[in-house]
Amino acid sequence: MRSSRRVGTALWAAVFSLALPLSQAHAAENCVEFQGLQHCGLGAVKVSDLRKGVRIDSQEKEPSGKGGVAIHTPPAAAWTAETQSEGAQRNFFTAYAEDVPVSTSTVDSSRESTSYSATFTGSGDATTYSVLAYYNGRLQAAVGGIQSGDTGAVGIMLPTPGWTPNCRPRTQTYAQCESACYANGYSNCNYCNTLCSLTVGFASAQLSSACLWQYNVAEPGVRLPNGQIVRADQIVLQEETSGPSNYPYLNFNRIDVQTTARSTVITGESLIPAGK
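Numbers -27 to -1, 1 to 249, taken from mature numbering (1 follows the signal peptide of the UniProt record, and there is no 0), label the letters of the sequence shown in order.
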């Protein structure tokens, strides 16, 4: 199902008002409200209200990645959140337009690196996207023409004497972090005391002319698909389209967060409503 620029906010609101109660009816006992948004369990998870955020605990012996939460929103142009979890894991973020998935981004974290990929549907099977790497708000490098679904960037640890990371990668224990710190020649290892969070954002075509995912980067370096390695603290995975007038999806009304982590906390959530 695709929305066009002729589909008004009133129609979005009408669809949303009908779809939201229906979706909540299936799992009302496993939903919590945070920042004015309903977070309802997906798969075998327990969802808890922490006041400062939403906690998701897998009930599976080996989390499959199907568990998480569906975050129901009014018609929106952008969404951001911070997630906190530990250990090697895969995180899946999916945006829906009127309950039809339009984009999924995957963050695959191991002890050595974190890979970022995205799948977009705006141009069908031929959809491509670009990755842009930033450091302190300045563009460091950009690569385009990445096939939808392929890896767009890989965060890696770099030997950098005299420089210290800001936080411990989510995939490392304190002991592993300390060992990596010494191996990479960092000036001190105090950063190992602070676990990195994963900050993720999604913006629709209404806000940015094409859908995009935005992430902070825990590792100090990013390797791009062309083999280039740059220092970066943020990456953007942006869909490539033929022009905003042809773009089929203008806003979204749901974000799914799914993970193989045993426990995840969502905090710092914010939303920009869709314009009229």
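Don't be surprised by glycine CBs; every beta carbon is placed ideally from N, CA and C.
What you are looking at is a predicted structure, and each value in this text was computed from that prediction instead of being measured.
| Asked | Found |
| --- | --- |
| Measure the Cβ-Cβ separation of Ile208 and Val190 and say whether it is below 8 Å. | yes |
| Pull up the distance between the alpha-carbon of Thr53 and that of Ala156, whole angstroms please. | 34 Å |
| Sorted by chain position, which residues of the same chain lie with C-beta nearer than 7 Å to Cys165's C-beta, five sequence neighbours on each side aside? | Arg141, Tyr147, Cys150, Glu151, Cys154 |
| I'd like the span of the alpha helix (DSSP H) that includes Ala153, first residue to last. | 147 to 157 |
| Taking just the CA atoms, how far does Leu210 sit from Ser170? | 19 Å |
| Quick one: is Gln57 near chain B, going by C-beta distance under 8 Å? | Chain labels in this structure do not include chain B; a single protein chain is all it has. |
| Measure the C-alpha to C-alpha separation of Ala70 and Met130 and round it to an integer number of angstroms. | 36 Å |
| Mapping the DSSP letters down to three states, classify Asp123 as helix, strand or coil. | coil |
| I think Arg84 touches Gln32, with their Cβ atoms under 8 Å apart; what is that distance to the nearest whole Å? | 26 Å between Cβ atoms; not a contact. |
| Taking 6 Å as the limit between beta carbons, can you name the residues of its chain near Ser78, skipping five residues before and five after? | Phe66, Ala91, Trp186 |
| Could you please give the first and the last residue of the uninterrupted beta strand (DSSP E) stretch that includes Glu212? | 207 to 213 |
| If you follow the beta strand (DSSP E) that Asn199 is part of, which residue opens it and which one closes it? | Counting along the chain, Asn199 falls outside any beta strand (DSSP E), and DSSP gives it neither H nor E. |
| In terms of alpha-carbon separation, which member of Asn161, Glu212, Ser58 lies closest to Ser82? | Ser58 |
| In or out: Ala205 buried (at least 16 other Cβ within 10 Å) or exposed? | buried |
| Have a look at the DSSP bridge pairing and note the partners of Asn189. | Gln207 |
| In this structure, how does DSSP classify Gly16 when only helix, strand and coil are distinguished? | coil |
| State the start and end residues of the unbroken beta strand (DSSP E) segment that holds Ala43. | 41 to 57 |
| Are the Cβ atoms of Ala43 and Arg227 separated by less than 8 Å? | yes |
| Could you check whether Ala50 and Ala183 sit closer than 8 Å to each other, using their CB atoms as the reference points? | no |
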